[in-house]
Amino acid sequence: MSGMHQAVLLEEAVEALMAGAGGTGSEVYVDGTFGRGGHSAAILRVLSDGQRLVAFDKDPEAMESARLLSSENPAFSFLHDSFGNLERAGSGLAGVLLDLGVSSPQLDDGSRGFSFQQQGPLDMRMDNSKGETAAEFINSASEADLRRVLWDFGEEKFARRIVSALVKRRMVEPFERTEDLAAVVAAANPAWEKHKHPATRTFQALRIHVNRELADLDILLGKVIDLLAVGGRLVVISFHSLEDRRVKTFMRREARGRELPRGVPIRDDERGERLRLLGKPRRASDDELAANPRARSAIMRVAERIA
1 MSGMHQAVLL EEAVEALMAG AGGTGSEVYV DGTFGRGGHS AAILRVLSDG QRLVAFDKDP
61 EAMESARLLS SENPAFSFLH DSFGNLERAG SGLAGVLLDL GVSSPQLDDG SRGFSFQQQG
121 PLDMRMDNSK GETAAEFINS ASEADLRRVL WDFGEEKFAR RIVSALVKRR MVEPFERTED
181 LAAVVAAANP AWEKHKHPAT RTFQALRIHV NRELADLDIL LGKVIDLLAV GGRLVVISFH
241 SLEDRRVKTF MRREARGREL PRGVPIRDDE RGERLRLLGK PRRASDDELA ANPRARSAIM
301 RVAERIA
């Protein structure tokens, strides 16, 4: 059985999202990561008459929750798609919310293969109706590709040792189960981090690769400003440094505008700033951490389109 998903930074994210686009006449908000609908339900509760919410999710299992929410609220619509295809929601958007990464139901359901803490098939696909599974990738990829994935997407400093162990094992028997992968990685990892399973980085790296998570994020960041209304907001909750680094770099760059040598005259409207950063990055409160320990690594950044 999959667990109930507790939306992280729920009140903070919805408040930040809905405070934007004042006076623009924009009517459409987007929840780019529907999951089981926690953020969407909260947004719908505060929508004004005439406003709508469009939600995206690649996971077919999200569709059941989305159908229920849609039957209760005509202002809601759901797209079984990646948020990388944000333009499907239209343009002049009032706000876009992203709660990145994997959800608690996905982690807790052993049949999905996301977690080293659950026994099950080594799948890891968010859309398990198509694409290559983690097992298929591990069993067929070159050593160089395996090392690249573990380093680029897991920042795993023992990638070479781990990949050597993976290749040795797959020559005898192909990987099929999460517990087999976790055991091989744990045995190959010479230095266990305190409070972190030695397979954590490997599972993260494989999940990101299989689902093209960072590629989808890069695609969205490349188009989101053009799709937001002036005054519309982008709210992003990240859970690891690879995600947050991208979001932070993007927001700061678009808030800084063009970089020119000192003393070069330029009008304000030529500076090129397109975003305004709103407040400092937010983290979960002590009360939320006590209720939901998985929120400990969450960080929320907010920016508003100004041009």
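Counting in my numbering, the sequence shown runs from 1 upward without gaps.
We put the beta carbon where it would ideally sit given N, CA and C, even for glycine.
From a predicted model like this one, the values you see are computed outputs, not experimental measurements.
To the nearest angstrom, how far is it from the Cα of residue i to the Cα of residue j?
| i | j | result |
| --- | --- | --- |
| R246 | G222 | 11 Å |
| T33 | P281 | 20 Å |
| D218 | A187 | 34 Å |
| A56 | R147 | First, the amino acid is wrong: residue 56 is Phe here, not Ala. The straight-line gap from Cα to Cα measures roughly 32 Å. |
| M18 | R112 | 33 Å |
| A141 | A94 | 42 Å |
| L206 | E179 | 15 Å |
| V30 | M171 | 46 Å |
| V184 | D152 | 20 Å |
| F137 | V149 | 11 Å |
| S115 | A307 | 42 Å |
| L10 | M300 | 11 Å |
| R233 | L68 | 27 Å |
| R253 | G120 | 42 Å |
| A255 | H195 | 37 Å |
| Q204 | A182 | 12 Å |
| G279 | P74 | 33 Å |
| D286 | L107 | 23 Å |
| R169 | F175 | 8 Å |
| D145 | P60 | 29 Å |
Check the C-beta distance from residue i over to residue j and give it rounded, since I have them as a contact under 8 Å.
| i | j | result |
| --- | --- | --- |
| I162 | T133 | Their Cβ separation, rounded to whole angstroms, is 19 Å, which puts I162 and T133 out of contact at 8 Å. |
| M251 | L277 | 6 Å |
| A42 | V14 | 5 Å |
| I225 | R274 | 5 Å |
| G20 | G231 | 6 Å |
| E143 | V167 | 6 Å |
| R52 | E27 | 6 Å |
Just to confirm my understanding: we take residue i, look at its own chain, exclude 5 residues before and 5 after, and list those with CB closer than 7 Å. What are they?
| i | result |
| --- | --- |
| R125 | G131, T133, V210, N211 |
| S70 | F76, S77, F78 |
| V54 | V28, V30, S77, L79, A89 |
For residue i, collect the residues of the same chain with a Cβ closer than 8 Å to its Cβ; drop the 5 residues on either side in sequence, then sort them by chain order.
| i | result |
| --- | --- |
| K58 | H80, D81, S82, M126, D127, N211 |
| N189 | F158, R161, I162, P198, A199 |
| R242 | One detail in the question is off: residue 242 reads as Leu in this sequence, not Arg. Hits under 8 Å: F153, E155, I208, L214. |
| A165 | V184, V185, A187, A188 |
| R296 | A284, L289 |
Within the 9 Å Cβ cut-off, does residue i reach chain C?
| i | result |
| --- | --- |
| T249 | Here there is only one protein chain, and chain C is not present. |
So, for residue i: in the same chain, excluding its five sequence neighbours on each side, which residues have a beta-carbon less than 6 Å away from its beta-carbon?
| i | result |
| --- | --- |
| L228 | L93, R305 |
| A16 | V235, V302 |
| L220 | F83, G84, L86 |
| Q118 | G110 |
For the 8 Å Cβ check, are there 3 or more pairs between the region 139–156 and the region 89–98? no
Would the region 98–116 and the region 236–243 be scored as touching if the rule is three or more Cβ pairs under 8 Å? yes
Every unbroken alpha helix (DSSP H) within the region 170–197, with a cutoff of 4 residues, ordered by chain: 178–188
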